[in-house]
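K.L.:
Let me give you the structure first, and then I'll get to my questions.
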Amino acid sequence: MQNEEHTCIKYLMKELDPSEAVLFERKMMEDDDLLIEVECMRKTLRRLDNLPEVDPPAHLTDMIVHKAAARKSSPSHTIIPFNAQQSQTKYYAAAAILAVGVTFGVLSLESGLNQEKQQPNNSLTAEVQTRNLQNREAGQSSVKPWIDRNNVLYFTGTSSSINSNTSSTSYSAYMDSALEESLKKLKPIDEPLHFYNKTNAQEFQLTGTKN
Amino acid sequence: MMLQKSDNISSKYEKLEDKELVHRYRKNGDEQAFRELMNRHQAKIYSFIYSMVGSREVTNDIFQETFTKVITKMDDTYNEQGKWIAWVMRIAHNATIDYLRKQKRFVDVSSNYDDDSKTDFYDRLPDEDLVSAQEQIEKDEAKNSLMKHIGELPEEQREVVMLRHYYEMPFKEIAELTDVSINTALGRMRYALINLRKLFEKEKEEKGKDFKYAE
């Protein structure tokens, strides 16, 4: 039934294929009710032919045509309605604020990181410099003697005052003073047999080979 | 008679098809081509919008909005394979429906007319010198009642009737435009015709009663 109703409208609107239209006309001839319905609708539809067409105001069409011409004369120009312009301005403002905020945040973050990096560097540098300074000060007189197991006394050291240009006389003088200085650092033993005098102490001897 | 058609459109442009006019405007920025397109279709588009919203002021706004979109989107969105008027009509339809949705109320066209819009509306119709004054009055009355009854139709039914009438749009396209099935579009058209018939009959009965009382 619904299909028949739709076919009725399609027939009136001339949207049926010719063969379908012929079939529908045959059906109408057989069904008086259908014929009456179609004719009533056709009559109503004819009334719609009287619907008037209204032209827009001339100034409106002229304005639109001028807009179209302006658009083509400057392709980059975009015609935006006033409301849209307002909303676009808001978007631009929001975007600008966001961009400034993000930039500021990134810069702040970067400067913070730099400070953190610079602080340990500075302290490290200062520490190294201090150590170098100490080493330099110590290097002038830091001769630390030591004795090997054959009771041979060694001492070694560096001095900024010795270089390739130093004469042999001054070198030997320097060595003498270094030796003297090293000997001063040796401390005599107060109780040389302290370890061996303990009653329960057992003697032991370190042995080794030269191989 | 207040036809707005520009006189300076050459006959050359009048002979061209829409497709060619669109091509000329897009390619060369041919203002005359665009003006000819406007002249061909502006009345139908304007009438459709007017029949849906029933206010000249609002119609002017929607009409302007429609063509502003047409101008800005023509280079990007419009595919020359399709009918230009169908594309424009889609924009006009969407703008009209957007407005009606924003209003969130049923628009009674007859009650929404501006005070002077009815006379203004008919002032724009072509003069028919050969028609007698009595015939003209009767015609005007018929048109008046037709517009009034169309305004009384539900929005969905009125929409289908207007799209069909002004654009001779196939039901397949109407269905696509209004986002319903073809059967729904056909059904709406059928109910619109049934409702209009009822309204005309009711009007006829009331006139008959008035005539009786007058006697």
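If you read the protein sequences in the order shown, they are chains P and D.
So for the first sequence, my numbering puts the first residue at 11; every next one is plus one.
So for the second sequence, my numbering puts the first residue at 324; every next one is plus one.
The beta carbon of each residue, even a glycine, is placed where N, CA and C say it ideally should be.
1) Within 8 Å, do at least three Cβ pairs link the region 498-512 of chain D to the region 369-376 of chain D?
2) So, with DSSP's three-state summary, where would you put residue 500/D?
3) At a threshold of 8 Å, does residue 368/D count as lining the ligand FAD (C-beta to nearest heavy atom)?
4) Interface residues of chain P around residue 367/D at Cβ under 9 Å?
5) DSSP three-state label for residue 101/P, please.
6) For a contact defined as C-beta to C-beta under 8 Å, what are the partners of residue 370/D on chain P?
7) Please check if any C-beta of chain P sits within less than 9 Å of the C-beta of residue 474/D.
8) If contact is defined by three or more beta carbon pairs under 8 Å, each pair taking one atom from either stretch, is the region 41-60 of chain P in contact with the region 348-359 of chain D?
9) List the residues of chain P that residue 488/D touches, going by C-beta distances under 7 Å, in chain order.
10) Which residues of chain D have a Cβ atom closer than 7 Å to the Cβ of residue 25/P, listed in chain order?
11) Output yes or no for whether 9 Å exceeds the beta carbon distance between residue 414/D and residue 489/D.
12) To the nearest angstrom, how far is the alpha carbon of residue 476/D from that of residue 406/D?
13) Skipping 5 residues on each side, what residues in its chain have a beta carbon closer than 7 Å to that of residue 20/P?
14) Label residue 492/D either buried or exposed according to how many other C-beta atoms from any shown protein chain fall within 10 Å of its C-beta, with 16 as the threshold for buried.
15) Report all residues from its chain with a CB closer than 8 Å to the CB of residue 113/P; omit the five preceding and five following residues, and keep chain order.
16) Considering only the alpha carbon of each residue, which of 118/P, 191/P, 18/P lies closest to residue 34/P?
17) Once the 5 residues before and after residue 472/D are set aside, which same chain residues still bring their CB inside 6 Å of it?
18) Quick check on residue 509/D - is its C-beta less than 9 Å from some C-beta in chain P?
19) Out of curiosity, what's the CA-to-CA distance linking residue 366/D and residue 510/D?
20) Sorted by chain position, which residues of the same chain lie with C-beta nearer than 6 Å to residue 411/D's C-beta, five sequence neighbours on each side aside?
21) Between residue 83/P and chain D, is the shortest Cβ-Cβ distance under 9 Å, so that the two count as touching?
22) Using a C-beta cutoff of 9 Å, does residue 112/P count as contacting chain D?
23) Below 8 Å on the Cβ atoms is my contact criterion, and I expect residue 506/D with residue 16/P to pass it. Report the Cβ-Cβ distance as a whole number of Å.
24) Just to make sure I have the definition right: I need the residues of chain D whose C-beta is within less than 9 Å of the C-beta of residue 38/P. Which are they?
25) Rounded to whole angstroms, what is the Cα-Cα separation between residue 363/D and residue 335/D?
26) Which residues in chain P sit within 8 Å of residue 377/D, going by Cβ to Cβ distance?
27) Going by the beta-carbon positions, is the gap between residue 82/P and residue 348/D smaller than 9 Å?
28) Output, in chain order, the set of chain P residues within a Cβ distance shorter than 7 Å of residue 405/D.
29) Using a Cβ-Cβ cut-off of 9 Å, state whether residue 438/D counts as contacting chain P.
30) Could you check if residue 487/D is buried or exposed, using at least 16 other CB atoms within 10 Å of its CB as the buried criterion?
31) What's the gap between the Cα of residue 416/D and the Cα of residue 116/P?
32) Using a Cβ-Cβ cut-off of 9 Å, state whether residue 67/P counts as contacting chain D.
33) Quick check on the burial criterion: 16 or more other C-beta atoms within 10 angstroms. Buried or exposed for residue 380/D?
34) Please list, in chain order, the chain P residues whose beta carbon lies closer than 8 Å to that of residue 481/D.
35) From the beta carbon of residue 55/P, is the nearest beta carbon of chain D less than 9 Å away?
P.N.:
Quick look at the numbers:
1) no
2) Locating residue 500/D in the second sequence gives position 177, where the first residue counts as 1. Secondary structure of residue 500/D (DSSP, three-state): helix.
3) The ligand FAD is absent from the structure shown, which contains no ligands of any kind.
4) Taking the second sequence and counting its residues from 1, the one referred to as residue 367/D is at position 44. Result: 63.
5) Your numbering for residue 101/P matches position 91 in the first sequence. Here residue 101/P sits in helix by DSSP.
6) The residue you call residue 370/D lines up with position 47 of the second sequence. Result: 61, 62, 63, 64.
7) Indexing the second sequence from 1 puts residue 474/D at position 151. Chain P contact via Cβ: absent.
8) no
9) Your numbering for residue 488/D matches position 165 in the second sequence. Residues of chain P passing the Cβ test: 58, 61.
10) Looking up residue 25/P in the first sequence gives position 15. In chain order: 493, 494.
11) Indexing the second sequence from 1 puts residue 414/D at position 91. Indexing the second sequence from 1 puts residue 489/D at position 166. Taking the C-beta atoms as reference points, residue 489/D is found no nearer than 9 Å to residue 414/D.
12) As a working mapping, residue 476/D is identified with position 153 in the second sequence. As a working mapping, residue 406/D is identified with position 83 in the second sequence. The straight-line gap from Cα to Cα measures roughly 29 Å.
13) Numbered from 1 along the first sequence, position 10 holds the residue referred to as residue 20/P. Same-chain partners within the cutoff: 26.
14) On the second sequence, residue 492/D is found 169 positions in, with the first residue counted as 1. The residue in question, residue 492/D, is buried, as its Cβ has 16 or more Cβ neighbours within 10 Å.
15) Numbered from its first residue, the first sequence carries residue 113/P at position 103. So the list is empty, once near-sequence residues are dropped.
16) Along the first sequence, one-based indexing puts residue 34/P at 24. Ranking 118/P, 191/P, 18/P by Cα distance to residue 34/P puts 18/P first.
17) On the second sequence, residue 472/D is found 149 positions in, with the first residue counted as 1. The residues are 519, 522.
18) Here residue 509/D refers to the residue found at position 186 when the second sequence is read from its first residue. Closer than 9 Å to some Cβ of chain P, the Cβ of residue 509/D qualifies, so yes.
19) The residue labelled residue 366/D in the question sits at position 43 within the second sequence. The residue labelled residue 510/D in the question sits at position 187 within the second sequence. Approximately 27 Å between the Cα atoms of the pair.
20) Taking the first residue of the second sequence as 1, we reach residue 411/D at position 88. Within the same chain, residue 411/D has close Cβ partners 393.
21) Taking the first sequence and counting its residues from 1, one reaches residue 83/P at position 73. Yes, residue 83/P lies at the interface with chain D (some Cβ there is under 9 Å from its Cβ).
22) Here residue 112/P refers to the residue found at position 102 when the first sequence is read from its first residue. Output row for residue 112/P: interface = no.
23) Looking up residue 506/D in the second sequence gives position 183. Looking up residue 16/P in the first sequence gives position 6. Right, the Cβ-Cβ distance comes to about 6 Å (below 8 Å), so this counts as a contact.
24) The residue you call residue 38/P lines up with position 28 of the first sequence. Simply none; closest approach about 16 Å.
25) In the second sequence, residue 363/D corresponds to position 40, counting from 1. In the second sequence, residue 335/D corresponds to position 12, counting from 1. Cα to Cα, the separation comes out at about 14 Å.
26) Within the second sequence, residue 377/D is the residue found at index 54, counting from 1. Within 8 Å Cβ-Cβ: nothing; residue 377/D doesn't reach chain P, min ~12 Å.
27) Working through the first sequence from its first residue, we reach residue 82/P at position 72. Working through the second sequence from its first residue, we reach residue 348/D at position 25. Contact flag set, yes.
28) The residue given as residue 405/D occupies position 82 in the second sequence. Simply none; closest approach about 19 Å.
29) The residue you call residue 438/D lines up with position 115 of the second sequence. Because the pLDDT of residue 438/D is 46, which lies under 50, any placement of that residue in the model is unreliable, and the question is left without a value.
30) Locating residue 487/D in the second sequence gives position 164, counting from the first residue. When all chains shown are included, residue 487/D counts as buried.
31) Counting from 1 along the second sequence, the entry for residue 416/D is found at position 93. Counting from 1 along the first sequence, the entry for residue 116/P is found at position 106. If you take the alpha carbons of residue 416/D and residue 116/P, they lie about 48 Å apart.
32) Along the first sequence, read from residue 1 onward, the residue named residue 67/P stands at position 57. Chain D, which has a Cβ nearer than 9 Å to the Cβ of residue 67/P, makes this yes.
33) By 1-based counting over the second sequence, the position of residue 380/D is 57. When all chains shown are included, residue 380/D counts as exposed.
34) Looking up residue 481/D in the second sequence gives position 158. Neighbours of residue 481/D on chain P: none; closest Cβ ~11 Å, over 8 Å.
35) Here residue 55/P corresponds to residue number 45 of the first sequence, with the count starting at 1. With 9 Å as the cut-off, residue 55/P counts as an interface residue toward chain D.
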